[in-house]
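Quick notes on the structure that follows.
2 protein chains.
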Amino acid sequence: MTIQMPEPDVSVLARRDEIIAALREIVPGEGVISSAAEMVPYESDGLMAYRQPPMVVVLPSTTKQVSQVLKYCHANGIRVVPRGAGTSLSGGALPLADGVLLGLGKFKRIREIDFDNRAVVVEPGVTNLAITQAVEHAGFYYAPDPSSQIACTIGGNIAENSGGVHCLKYGMTTNNVLGCEIVLITGEIIKIGGKCTESAGYDLMGVITGSEGLLGVVTEVTVRILRKPETARALMVGFTEIEAAGRCVAEIIGAGIIPGGMEMMDKPAIHAAEAFVHAGYPLDVEALLIIELDGPGVEVDELIARVETIAQRCGSTTCQISTSEQQRLLFWAGRKAAFPAVGRISPDYLCMDGTIPRGKLPEALARIRQLSEKYQLGVANVFHAGDGNLHPLILYDANKPGETDRAEAFGADILRVCVELGGVLTGEHGVGIEKRDLMPEMFSEIDLMQQQRLKCAFDADGLLNPGKVFPTLHRCAELGRLHVRGGKLPFADISRF
Amino acid sequence: MTIQMPEPDVSVLARRDEIIAALREIVPGEGVISSAAEMVPYESDGLMAYRQPPMVVVLPSTTKQVSQVLKYCHANGIRVVPRGAGTSLSGGALPLADGVLLGLGKFKRIREIDFDNRAVVVEPGVTNLAITQAVEHAGFYYAPDPSSQIACTIGGNIAENSGGVHCLKYGMTTNNVLGCEIVLITGEIIKIGGKCTESAGYDLMGVITGSEGLLGVVTEVTVRILRKPETARALMVGFTEIEAAGRCVAEIIGAGIIPGGMEMMDKPAIHAAEAFVHAGYPLDVEALLIIELDGPGVEVDELIARVETIAQRCGSTTCQISTSEQQRLLFWAGRKAAFPAVGRISPDYLCMDGTIPRGKLPEALARIRQLSEKYQLGVANVFHAGDGNLHPLILYDANKPGETDRAEAFGADILRVCVELGGVLTGEHGVGIEKRDLMPEMFSEIDLMQQQRLKCAFDADGLLNPGKVFPTLHRCAELGRLHVRGGKLPFADISRF
Chain A
274 MTIQMPEPDV SVLARRDEII AALREIVPGE GVISSAAEMV PYESDGLMAY
324 RQPPMVVVLP STTKQVSQVL KYCHANGIRV VPRGAGTSLS GGALPLADGV
374 LLGLGKFKRI REIDFDNRAV VVEPGVTNLA ITQAVEHAGF YYAPDPSSQI
424 ACTIGGNIAE NSGGVHCLKY GMTTNNVLGC EIVLITGEII KIGGKCTESA
474 GYDLMGVITG SEGLLGVVTE VTVRILRKPE TARALMVGFT EIEAAGRCVA
524 EIIGAGIIPG GMEMMDKPAI HAAEAFVHAG YPLDVEALLI IELDGPGVEV
574 DELIARVETI AQRCGSTTCQ ISTSEQQRLL FWAGRKAAFP AVGRISPDYL
624 CMDGTIPRGK LPEALARIRQ LSEKYQLGVA NVFHAGDGNL HPLILYDANK
674 PGETDRAEAF GADILRVCVE LGGVLTGEHG VGIEKRDLMP EMFSEIDLMQ
724 QQRLKCAFDA DGLLNPGKVF PTLHRCAELG RLHVRGGKLP FADISRF
Chain B
274 MTIQMPEPDV SVLARRDEII AALREIVPGE GVISSAAEMV PYESDGLMAY
324 RQPPMVVVLP STTKQVSQVL KYCHANGIRV VPRGAGTSLS GGALPLADGV
374 LLGLGKFKRI REIDFDNRAV VVEPGVTNLA ITQAVEHAGF YYAPDPSSQI
424 ACTIGGNIAE NSGGVHCLKY GMTTNNVLGC EIVLITGEII KIGGKCTESA
474 GYDLMGVITG SEGLLGVVTE VTVRILRKPE TARALMVGFT EIEAAGRCVA
524 EIIGAGIIPG GMEMMDKPAI HAAEAFVHAG YPLDVEALLI IELDGPGVEV
574 DELIARVETI AQRCGSTTCQ ISTSEQQRLL FWAGRKAAFP AVGRISPDYL
624 CMDGTIPRGK LPEALARIRQ LSEKYQLGVA NVFHAGDGNL HPLILYDANK
674 PGETDRAEAF GADILRVCVE LGGVLTGEHG VGIEKRDLMP EMFSEIDLMQ
724 QQRLKCAFDA DGLLNPGKVF PTLHRCAELG RLHVRGGKLP FADISRF
């Protein structure tokens, strides 16, 4: 299988030495990497099936350097791919053969902790977890918690609008970022938002969050921190019918209860996780819900009782309630290790990421089971049930001829089902290159043109991360602007590694 | 005092009869209003100091008609001002002499109530309160509750990103809108979002919300509804020092408690409200906090006890806790009637709307008191204390020479103080024409240019609501595009009525 990427600009490639020299002027010392061997770590992100060495890697350490690099690239028509920690699962940080890979790894400083306004100002290369670690001594934390939180950076979280098991109650990245500093492709620096949640003018923070590196490069971020809940306890509830588990999720939300996290696993996922971490999961159920309630102790006690009653009414067959912090963490350990656990039972797996309206959960699961039979491939379902964000893991063996293509076709069909049921192609992993060519399943041509007009408002020459998100690259001129650019931008093929 | 508006296009005015006839073709019957007398109700919005009759009023009733009207205006270079119920306080719906006033008042249908997905699909002319009324029989409600909720429409709420006393806990409009249908100035119709909270592509919903009618015309809205909390109770806490009340607000939030509403009034506001509605407010205090806790009964009881303890520690001198629903509503009655109450004690008042980081509350209040002395004008402070959204009401008498200008200068200084303290020019009333010329206090020229590039991505000819939000109108061509448009767009003066 191949993915089409923008055709390399030979005139840029011909000037490679000159470009590297110019970049070294801006970022001296070890900030420019150009040898093939040293560039290998930057060839792919978490979607490792696709690889491409960049023309050169630049690792600036100040906003001024970022501004100068972008200004230089803009003046010289050089494409730029921004990169955080490279944990993206949709290929958003895949380099371009003729592009500068702009790594933000040196932006590691926590600039300000402001408890009075519950805000922390950090550089984009600070990891998600490091923010919580910097404030937990005072009883605070940063809410979004993607599985990769030890490694992934806040800059990457903004690019992908990352979620996590707690986003049901506390929101995605977009709900927890108050402001940022962003460098445009022209080198201009703009400030968006601040420590207040309101803002005058257009909501640029919302546009930047989830924009997958196509609009600008974030060089500073102000996030909201929350006080750690007084108590957190979890229930582990088993069901012999997966539809009953889906009903239970709907009824809990319908009762006005918003758990801190509400995750579902199906039988294959339960068995794989249990064999891996021995969390004490029941093995005779078809679906397992892990439901965490947090808040003041007295509230948590009451909510646990109500959730237990709802679960029983929905036909749960097992229910365990954590009585210690250690046990709560054990309940979660299986869920958090579900991906590597599935990796142990299948030579390869493909992790999908789609969203459906919560009410359609049982229907979506039934459709995925039908597809599993059609494609003759196993599937393990692990997902953020509370907000309808599915993560089906398609099991296959890349060494068996045709299985990889079948797995990818199966995955695409799952995303089509999500859209058909009124859902979305992606929940928290972004579009990148993985789901780029499925965008027309969800958006009309008019919708996509309007999205690209917005892109043109930030990057009229299409130099920032081209080939990602949009299936067809329109030049801004074609979108109703008379802006003229020399080179055309057709797609070239990149084979899967 | 005058405000500069785009100079009327004489070539459009010369074709008025022809334009009206064309619009009647699109919207037959009573959908086009062109007589001077009948257009009077459309001459201003809630910022009644400024008035301007439009060229013609059009009241379409279908998305198709909106699309055809905009397509016609786009093809003919005619400016368009969209309007909901006209309750805006910043002049966002002020007509243009050469513009079509596009009223959405006929879009009054609730299209779908989907309890399973907690979503309601409505037309933009449905009032804010009507959404709650349509779902309250099942125990649900729509959270944002601006004071004007009986009259203001959901379309207008999106344009202004409206808040209300409950937005501290439940978010502003932007946090409660899931999707919309929008007609671009070209007549093209796009769908944004849906019933899921996640979305692929750019967050256009975020950009549209708060865009004050400059990007497109909303013709359908999908909102999130919430289950009504089991219990709600309020505390009324008095302080003899306004700084102590500010500290109390900060400590409540710092303790991890997010009240359903937390409002503050200062002495002039307390006295005016008490004289008007007899809510039982203490008259010997300098500041009064009304704090509402909602949720399960057992949680509310505990939180009330904690808030009471915090208030005492901060030096409260009076504290009353509602023991019945009737009493809770009485506590709120004074606050909700504060604006008309202040209207009874002063011939005129100017309602400001600015935001500061919560931690700066005492400082902001001290600065406003200094300004009050400087300008020799009284001020009553009523505000959403929990989220730092100030509503100082400047008291003046328009019949006394110079007082109006002094009040406006005082108001502008208050907003400058907000920005200086790290806050924002507006909280929930929008920029419109009222705060347009103050935008450079908050944004750099680069910021404003980028905001206008985004505007150009939606409306390259600047036909939608020009003269609002941005202090200087740049043609898209000047913003780095080569798009060429015939007419220039300088400003002409409109005198305050």
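In order, the protein sequence lines correspond to chains A and B.
The numbering of the first sequence is the numbering used here, which starts it at 274 and goes up by one.
The numbering of the second sequence is the numbering used here, which starts it at 274 and goes up by one.
Every residue, glycine too, gets a C-beta built ideally from N, C-alpha and C.
* **Proximal chain A residues relative to P630 of chain B, where beta-carbon distance stays under 7 Å** => N390, K468 and C469
* **Bounding residues of the beta strand (DSSP E) (the contiguous stretch that carries I462 of chain B)** => Where I462 of chain B is concerned, the enclosing beta strand (DSSP E) stretches over I462 to G466.
* Asked: Of the residues B:G696, B:R289 and B:I458, which one's Cα is nearest the Cα of I629 of chain B?
  -> B:G696
* To do: Starting from N349 of chain B, trace the alpha helix (DSSP H) both ways and give me its first and last residue.
  => T336 to N349
* **With 16 other Cβ atoms within 10 Å as the buried cut-off, status of V394 of chain A** => buried
* CB-CB under 7 Å to E598 of chain A, same chain, minus the five flanking residues each way: which ones, in chain order? -> Cβ within range, chain order: n/a, list empty.
* Between the C-alpha atoms of F380 of chain B and L296 of chain B, what's the straight-line distance to the nearest angstrom? -> About 18 Å.
* Who are the Cβ neighbours of A432 of chain B in its own chain at under 6 Å, not counting the five residues just before and after it? -> For A432 of chain B, where only same-chain residues beyond five positions count, the Cβ hits under 6 Å are E485 and G486.
* Taking a cut of 9 Å between CB atoms, which residues from the stretch 580–610 of chain A lie near chain B? -> none
* Are the C-beta atoms of L727 of chain A and some chain B residue less than 8 Å apart? -> yes
* Under the rule that 16 or more other beta-carbon atoms within 10 Å means buried, what is I423 of chain A, buried or exposed? -> exposed
* Backbone secondary structure at R748 of chain A - three-state DSSP -> Per DSSP, reduced to three states, the secondary structure at R748 of chain A is coil, with no helix or strand assignment.
* For D290 of chain A, the first and last residue of its enclosing alpha helix (DSSP H) -> R289 to I299
* From the DSSP output, read off the bridge partner residues of A639 of chain A. => None, per the DSSP bridge assignment.
* Residue-chain proximity (S484 of chain A, chain B), Cβ-Cβ < 8 Å -> By this cut-off, S484 of chain A is an interface position.
* To do: Measure how close the beta-carbons of G588 of chain B and F512 of chain B come, nearest whole angstrom, since I'm counting them as under 8 Å.
  => 6 Å
* **Length of the line joining the Cα atoms of E248 of chain B and Y622 of chain A** => The structure shown does not extend to residue 248 of chain B, since chain B spans only 274 to 770, so no value can be given for it.
* **Reference F388 of chain B, options B:L499, B:I458 and B:L441, closest by Cα** => B:L499
* Asked: What residues from chain A crowd round F716 of chain B, counting only those whose CB sits closer than 7 Å?
  -> Residues of chain A with a Cβ closer than 7 Å to the Cβ of F716 of chain B are, in chain order, G474.
* To do: Say whether the stretch 542–549 of chain A touches the stretch 607–614 of chain A, bearing in mind that this needs 3 or more beta-carbon pairs closer than 8 Å, one atom from each stretch.
  => yes
* CB contact flag (N662 of chain B, G357 of chain B, <8 Å) -> no
* Between V330 of chain B and S307 of chain B, what straight-line distance do the alpha-carbon atoms span, to the nearest angstrom? -> 6 Å
* Got a sec, what are the start and stop residues for the alpha helix (DSSP H) L727 of chain B sits in? -> That run of the alpha helix (DSSP H) goes E718 to F731.
* Flag E547 of chain B as yes when its Cβ comes closer than 7 Å to any non-hydrogen atom of the ligand SAM, and as no otherwise. => This structure simply doesn't include the ligand SAM, nor any ligand for that matter.
* Asked: Taking 8 Å as the CB-CB limit, is E524 of chain B close to chain A?
  -> No, no contact with chain A.
* Asked: Pairing CB atoms from the stretch 710–726 of chain B with CB atoms from the stretch 626–642 of chain B, are three or more of them under 8 Å?
  -> no
* Touching by the beta-carbon criterion (3+ pairs, under 8 Å), the stretch 456–463 of chain B and the stretch 438–448 of chain B -> Flag = no, the stretch 456–463 of chain B and the stretch 438–448 of chain B do not touch.
* **Nearest-angstrom beta carbon gap, N654 of chain B and M509 of chain B [assumed within contact, 8 Å]** => Contact flag wrong, Cβ pair sits at about 17 Å.
* Note down the Cα distance separating K501 of chain A from T677 of chain B, rounded to an integer number of angstroms. => For K501 of chain A and T677 of chain B, the distance between alpha carbons rounds to 49 Å.
* Taking just the CA atoms, how far does L451 of chain B sit from G466 of chain B? -> 6 Å
* Sort out for me which residues DSSP pairs L374 of chain B with in a bridge. => B:V330 and B:V354
* Buried or exposed by the 16-neighbour rule on C-beta atoms within 10 Å, applied to E646 of chain A -> exposed
* Residue burial classification, N672 of chain A (beta-carbon count within 10 angstroms, cutoff 16) -> Exposed, because fewer than 16 other Cβ atoms sit within 10 Å of the Cβ of N672 of chain A.
* To do: For C691 of chain B, collect the residues of the same chain with a Cβ closer than 8 Å to its Cβ; drop the 5 residues on either side in sequence, then sort them by chain order.
  => Taking C691 of chain B as the centre and dropping the five residues before and after it, the same chain places the C-beta of G627, T628, I629, A637, L663, V697 and L698 closer than 8 Å to its C-beta, in chain order.
* Asked: What are the complete beta strand (DSSP E) segments, minimum 3 residues, inside the stretch 377–440 of chain A?
  -> 383–387 and 392–395
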